[in-house]
Amino acid sequence: MKERIFITLTSILIIGLSGCDIESTPNKKNTATQLMKKQSNIVAIQTNPMKPTIKELKKSRLKDNKKKRISSNLRGSKLDVFLINNEKFTSKSTRFAQGERLYNLTINQFGTIKGSIVIVLNESVEMSAKVKQLGEVSKIASDTYRIKLPINSNVLAIYQQLKKTFKIKIVEMEIDYTPKNNREVM
């Protein structure tokens, strides 16, 4: 009986030790995985989201250089800022006629006034005779019209006047952003 207990205990001990021995010996796959995890944690710690990458720094420098170049083109005159189509614009000229150049401060790009205004009327509202007299009116869609203004008209003044009209839901001045030369390319 003592021999049986001794053999049983010995076999349990051998099985237990061999099981522990397998778990305590590092597996090559496990160590490689653990090493990769440690390296990725180190990389994650080293790449601070507050510090910009080299690529981001280059992009910001290019944008800064472009802004400096554009601001140097606009320098030398006192410029007013105008809110047109819910974006900020500035111009060297105080005359806002067809063909005049504007600078969109929101998107940092030059644009040209096309000389037309698009309006959307409130539902079931007829266009007034005053609006029809502003220029050549053409229907684009339901309740949406394009008003082609005369060449020498002050587009900004008419735009602001139409914005105050309660019958009109949306007023947008048409601006063309096609660059005239390479310096104006974004």
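In terms of numbering that gives the first Met the number 0, the sequence shown has 27 at position 28, counting the first letter as 1, and numbering is strictly consecutive.
Backbone N, C-alpha and C fix where the C-beta goes; we use that ideal spot for every residue, glycine too.
On a predicted model such as this, the values are computed, not experimentally measured, just so you know.
I'd like to know whether the C-beta atoms of residue i and residue j end up nearer to each other than 8 Å.
i: K168; j: S127; result: no
i: V154; j: F95; result: yes
i: I112; j: L133; result: no
i: T89; j: L82; result: no
Among the options, whose alpha-carbon lies nearest the alpha-carbon of residue i?
i: K87; options: T105, R94, S137, A96; result: T105
i: E135; options: S123, I150, N121; result: I150
i: N84; options: K163, Y158, E125; result: Y158
i: E171; options: L161, K179, N180; result: L161
i: K152; options: V80, S137, Q97; result: Per the sequence presented here, residue 152 reads as Ser, with Lys not at that position. Nearest C-alpha to S152: Q97.
i: V201; options: S123, V80, T164; result: This structure leaves residue 201 out entirely; the chain is present only between 0 and 185.
Could you check whether the Cβ of residue i sits closer than 7 Å to any heavy atom belonging to the ligand HEM?
i: D175; result: This structure lacks the ligand HEM, and indeed carries no ligand of any kind.
### Task
Go through the region 84-172 residue by residue and report every complete run of the beta strand (DSSP E) that reaches 3 residues or more, in order.
As for any beta strand (DSSP E) of minimum length 3 sitting wholly inside the region 84-172, the runs are 86-89, 100-103, 108-120, 135-140, 143-147, ordered along the chain.
### Message
Is it the case that the region 172-179 contacts the region 129-142, given that we only count it when at least three CB pairs across the two stretches are under 8 Å?
### Response
Contact between the region 129-142 and the region 172-179 is absent, because fewer than three Cβ pairs lie under 8 Å.
### Query
Do the region 116-124 and the region 94-103 make contact, defined as three or more Cβ pairs closer than 8 Å?
Three or more beta-carbon pairs separated by less than 8 Å are not found between the region 116-124 and the region 94-103, which leaves the two stretches without contact.
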